[in-house]
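One structure is given below, encoded as structure tokens.
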Amino acid sequence: ALERAVEYRRQKKASLSRNDIRREGIVGESRGILKCLEKVAVAAHSDIPVLVTGETGTGKELFSRAIHACSPRCSEPFVVVDCAALPEHLVESTIFGHTRGAFTGADRDRTGLMKIADRGTLFLDEVGELPLEIQKKFLRAIQEKKFRPLGSKTEIHSNFRLICATHRDLEDLIKKEKF
56 ALERAVEYRR QKKASLSRND IRREGIVGES RGILKCLEKV AVAAHSDIPV LVTGETGTGK
116 ELFSRAIHAC SPRCSEPFVV VDCAALPEHL VESTIFGHTR GAFTGADRDR TGLMKIADRG
176 TLFLDEVGEL PLEIQKKFLR AIQEKKFRPL GSKTEIHSNF RLICATHRDL EDLIKKEKF
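Numbering follows our numbering, in which position 8 of the sequence shown is assigned residue number 63; successive positions increment by one, without gaps.
As structure tokens, then:
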């Protein structure tokens, strides 16, 4: 009975929102697209982290934006971090921010994208490209909703919703101890 109740609730939420989904550029009416939009509706009603997978060019960012646009956080920022495009030496500073003097060239404080996403959604595109050392720090930040900018002595709180996307096989990367 409990399983039926959970399934009914999931279907009810999806059916209530299916016509109200902001597609954010998603086109098509195929069975596959409609099934994905139902998943968007279910994910939008939750605040748990979401992983969107698929080949390059399949619209992972579009679906992630649709989840954000249909969520209670829709009026807050949707902050994109392109993990594949970040130079490894700038990843930590970009995500967590830094204080003036934290490293050579840090001539002013910089707010990290994790803080900018406060009350909104942080979207990590190509999360499989994050360096392993940053993954460890990021995991703690996800769990605690707190992080320390480079060079800072104090932690900062940020209440963000996390959505990640990748074309990589994360299970394979885990086996190879790269994720």
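The C-beta atom is built at its ideal place from N, Cα and C for all residues, glycine as well.
Asp-180: buried (16+ other C-beta within 10 angstroms of its C-beta) or exposed? buried
Gln-198 versus Leu-92 - alpha carbon distance: 28 Å
Leaving out the 5 sequence neighbours to the left and right, which residues in its chain are closer than 8 Å to Thr-111 when beta-carbon positions are compared? His-222
Figure out for me which residue from Ile-171, Ile-229 and Val-146 has the closest Cα to the Cα of Asn-214. Ile-171
With distance defined between alpha-carbon atoms, name the residue in Asp-227, Gly-175, Cys-138 and Lys-208 nearest to Lys-190. The sequence given here has Gln at residue 190, not Lys. Checked all of Asp-227, Gly-175, Cys-138 and Lys-208; the closest Cα to Gln-190 is Cys-138.
Please report how far the alpha carbon of Val-244 lies from the alpha carbon of Ser-101, in whole angstroms. Any property of residue 244 remains undetermined from this structure, which presents the chain solely from 56 to 234.
Between the alpha carbons of Ile-229 and Leu-117, how many angstroms are there, rounded? 26 Å
Ranges of the beta strand (DSSP E) found wholly within the stretch 112-160, counting only runs of at least 3: 133-137
Give a yes or no on whether the C-beta atoms belonging to Gly-175 and Pro-204 are separated by under 9 Å. no
Within 10 Å of its beta-carbon, does Lys-115 have 16 or more other beta-carbons around it, so buried, or fewer, so exposed? buried
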